[in-house]
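Down below is the structure, laid out as structure tokens.
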Amino acid sequence: MENFSDVIVVGGGPCGSFSALNLAKRGFNVTVFEEHSEIGVPCHCAGHISINGLRNLGLYPPPRGIVENTFTGAKIYSPSGKVFTIRLAKPVTCTVNRALFDKHVAELAQKAGAHYGMSTKVESLIFEGGFVKGVVTRKGGKPSEFFGKIVLDAEGISARILRQASLLPPKSEKIVKGAQVEVENVKDVETDIVEVILGNCYAPGFYAWLIPKNEEEAKVGLATKTGDPRTFLQRLMRKHPTVSAKLQNAKVVRESYHPVTLGGPIAKAYSNGFLVVGDAASQVKPTTGGGIIFGLTARELPLMSLPRH
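Numbered per our numbering, the sequence shown finishes at 450, counting up by one with no gaps.
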């Protein structure tokens with residue numbers, strides 16, 4: 142049956158692909174549907190990740206070119222201007238090129254036997270007798286039906302599909318709005334230190350960051366509970382006494398805007414024949430909104446829902 146898989150994965154981000162990888166390695170037939178034409182594009186994340194977390198998942202070190210920089214600590218700026226620096230003996234975190242990282246995980250899944258349907262949007266779930274039995278997809282204007290034993294929702298924070306399964310999405314009041322730019326021509330950065338800026342003047346209800354990629358390039362971003370994050374980001378880059386000096390001659394080469402969930406896992410992440418993982422289930426750190434390690438760790442959940450091969 143060409144339109145059947147043991148597992149249908151909605152979303153080809155790292156969480157969906159890593160789940161597909163582990164399922165395929167256990168002998169399950171897996172199909173991943175990704176609405177975009179290219180894995181990892183567009184990018185919605187700074188890609189600042191725990192090295193130990195990646196190592197525990199078997200993903201560190203990744204192929205050359207994916208890790209942009211490693212860090213031994215952080216410099217934290219308080220609202221009053223005081224600075225607190227934490228520095229350890231060896232690197233504990235890294236920043237990755239998210240497009241390349243996502244592609245790498247997807248390639249691992251494909252090598253393990255997972256199939257990918259690109260430029261294919263999952264529009265709705267198919268129900269039979271109270272169970273999710275498949276999905277309706279659309280590619281190039283053409284709808285199709287695809288069936289499976291379980292549908293794994295890894296589509297991200299939009300939580301569009303899980304609502305169809307009568308599950309509650311992440312709480313809106315726990316979602317912050319993020320903005321980030323990648324810049325060139327920065328100066329006077331400590332390349333082994335991530336900078337964190339606190340205060341409602343620049344990032345109400347959250348924080349801002351400056352993550353060096355090297356001596357001349359960095360990722361600068363923030364998230365906010367109120368207002369337009371782009372306005373706050375411009376203020377940070379132009380007005381913060383330390384950050385603005387480092388970015389005085391900087392050139393923006395890339396920008397992205399994205400919501401971040403902070404509310405902890407949703408109350409229920411499953412129904413008959415359906416399971417939610419990653420950002421869609423708000424499986425993130427409530428302090429930073431980081432979801433890569435938490436989401437990838439959730440790879441075991443679909444394995445618990447299927448009979449062993």
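Note that beta-carbon positions come from the ideal geometry of N, C-alpha and C, so glycine has one too.
Judged by DSSP in its simplified three-state form, histidine 399 adopts strand. The beta strand (DSSP E) runs lying completely inside the region 287-350 and spanning 3 residues or more are 316-325, 334-338, given in chain order.
Counting C-beta atoms within 10 angstroms of its own C-beta, glycine 222 has fewer than 16 neighbours from the protein chains shown and is therefore classed as exposed. A contact is defined here as three or more CB-CB pairs under 8 Å, and the region 199-210 fails this definition with respect to the region 175-187. DSSP places glycine 436 in the helix class (H, G or I) of the three-state scheme. Within the same chain, and ignoring the five residues on either side of alanine 165 in sequence, the residues whose Cβ sits closer than 8 Å to its Cβ are Val171, Ala250, Ala253, Gly254, Ala255. Here valine 233 has Ser191, Ile192, Asn193, Phe212, Thr213, Gly214 as same chain residues with Cβ atoms under 8 Å from its own Cβ, once five neighbours each way along the sequence are excluded. One alpha carbon belongs to glutamate 264, the other to arginine 228, and they sit about 47 Å apart. Around the CB of aspartate 369, fewer than 16 other CB atoms lie within 10 Å, so the residue is classed as exposed. Residue pairing from DSSP places glycine 214 in a beta bridge opposite Arg228, Ile334. At a Cβ-Cβ threshold of 8 Å, threonine 332 and proline 353 count as neighbours. Assigned with DSSP and collapsed to three states, alanine 364 falls in strand. For cysteine 235, the uninterrupted beta strand (DSSP E) segment begins and ends at 234-237. For the region 155-189, the full-length alpha helix (DSSP H) segments reaching 4 residues or more read 155-166 along the chain. Of Asn341, Thr438, Asp243, Gly405, the smallest CA-CA separation from glycine 152 is found for Asp243. Rounded to the nearest whole angstrom, the C-alpha separation of alanine 230 and leucine 351 is 21 Å. Between proline 284 and threonine 261, the alpha-carbon positions lie close to 10 Å from each other. Between serine 397 and proline 183, the gap from beta carbon to beta carbon is short of 8 Å. Between the region 317-331 and the region 301-308, the count of Cβ pairs shorter than 8 Å is below three; the stretches do not touch. Spanning the alpha carbons of lysine 387 and valine 208 requires a straight line of approximately 23 Å. The bridge partners DSSP lists for isoleucine 192 come to none. Taking 8 Å as the cut-off, the Cβ atoms of glutamate 286 and isoleucine 267 count as close.
Every beta strand (DSSP E) stretch that sits fully inside the region 260-289 and reaches 3 residues is listed by chain position as 262-269, 272-280. With a contact defined as Cβ atoms closer than 8 Å, alanine 187 and glycine 340 miss out at about 19 Å.
Distance from the CA atom of cysteine 235 to the CA atom of phenylalanine 435, rounded to whole angstroms, is 16 Å. Its chain contains Ile298, Ile316, Val317, Lys318, Gly319 as the residues whose beta carbon lies nearer than 8 Å to that of proline 400, once the 5 sequence neighbours on both sides are disregarded; these appear in chain order.
By the neighbour-count criterion, in which 16 or more other beta carbons inside 10 Å mark a residue as buried, asparagine 144 falls on the exposed side. Glutamine 424 counts as buried, since no fewer than 16 other beta carbons sit within 10 angstroms of its beta carbon. For serine 146, the beta-bridge partners assigned by DSSP are Gly289.
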